[in-house]
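The structure appears right after this line, and notes come after that.
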Amino acid sequence: MKKSGMIVILSAPSGCGKDTVFREISKIRNDVFESVSATTRKPRKGEIDGVDYFFKTKDEFEEMIAQDSFLEYASYNNCYYGTPAAPAVAAVNKGKICFLIIERKGAQKVMKNYPDAVSIFLMPPDMHTLEHRLKKRNTESDEVIKKRLKIAEEEIEAASKFNYVVVNDKLQRAVCEINDILNAELEKRNND
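Residues 335 to 526 in the numbering used here are what the sequence shown spells out, letter by letter.
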């Protein structure tokens, strides 16, 4: 029997711990693959092209759009973000759980085009905690943080459109809950 792969969308407001949660999941599972997104935003300190993101110019990104190279793409905070299709499809075909760590608009496009994708919304415990996490990063101005918090409120309103909502108040609890979701979804698919 062929092992089933699947696409898992992990979405959350900026500062909710998407990358941290995925790193922890990947420590306990050997069947996960993170799709690396492309973006036109500038790299943050320590980010590596091809590892954290594929950093593209606006022209390069728009050429990829014209070539239909994305599962989804969206503009967020005046930058393009997109999920290159080829690596994600290859991972699923190899039986991997392919994580797309993407924002809400992109997640909704993938959910529409790939209805059997599993969608998980990572929720902050509250807005005060989210603001604290964003400030603690020390990577953005107060003005950008205010913008991100306003966007976060809109994203949280759309959480009910996801298959699962997981509150990231305690990292290990969120990781265990997502791991349980993955196991249940794989069992469903392998029994079909």
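In this text, a Cβ means the ideal position worked out from N, Cα and C, and glycines have one as well. Because the structure is a prediction, the values reported are computed rather than measured.
Same chain, Cβ closer than 6 Å to residue i, neighbours up to 5 away in sequence not counted
i    : result
M335 : Any reading at M335 must be qualified, since the residue scores a pLDDT of 45, below 50, and its modelled position is unreliable; no value is offered.
Y387 : S371 and T373
G349 : L464, R467 and L468
F395 : T374 and Y414
Same chain, Cβ closer than 7 Å to residue i, neighbours up to 5 away in sequence not counted
i    : result
I512 : V355, I359, I454 and V500
F389 : T373, P377 and D383
G380 : none
E489 : P347 and R438
Boundaries (first-last residue) of the alpha helix (DSSP H) holding residue i
i    : result
V444 : R438 to N447
Nearest to residue i (by Cα), restricted to the options the options
i    : options                   : result
R482 : N497, Y410 and K428       : Y410
D393 : Y414, A408, F404 and V385 : Y414
I362 : G349, L520, C510 and R375 : C510
L405 : N427, Y448 and K428       : Y448
G429 : N364, E488, D503 and E465 : N364
V423 : K469, K352 and S338       : S338
Beta-carbon proximity check, residue i vs residue j, cutoff 9 Å
i    : j    : result
Q442 : K484 : no
E519 : V426 : no
I399 : M340 : no
Where the beta strand (DSSP E) through residue i begins and ends
i    : result
A486 : Per DSSP, A486 belongs to no beta strand (DSSP E); it is in the alpha helix (DSSP H), D476 to E491.
E381 : Segment: none, E381 is in no beta strand (DSSP E) and carries neither H nor E.
Contact set for residue i: own chain, Cβ-Cβ below 8 Å, skip 5 residues either direction
i    : result
N502 : A346, C350, G351, V355, L456, M457, P458, P459 and A508
I479 : E465, L468 and K469
Any non-hydrogen atom of the ligand NAD within 8 Å of residue i CB
i    : result
T463 : Among the ligands in the structure shown, none appear at all, so the ligand NAD cannot be discussed.
Identify every run of the beta strand (DSSP E) within the segment 397-444, keeping only runs that are complete inside it and at least 3 residues long; order them along the chain. 404-410, 413-418 and 431-435
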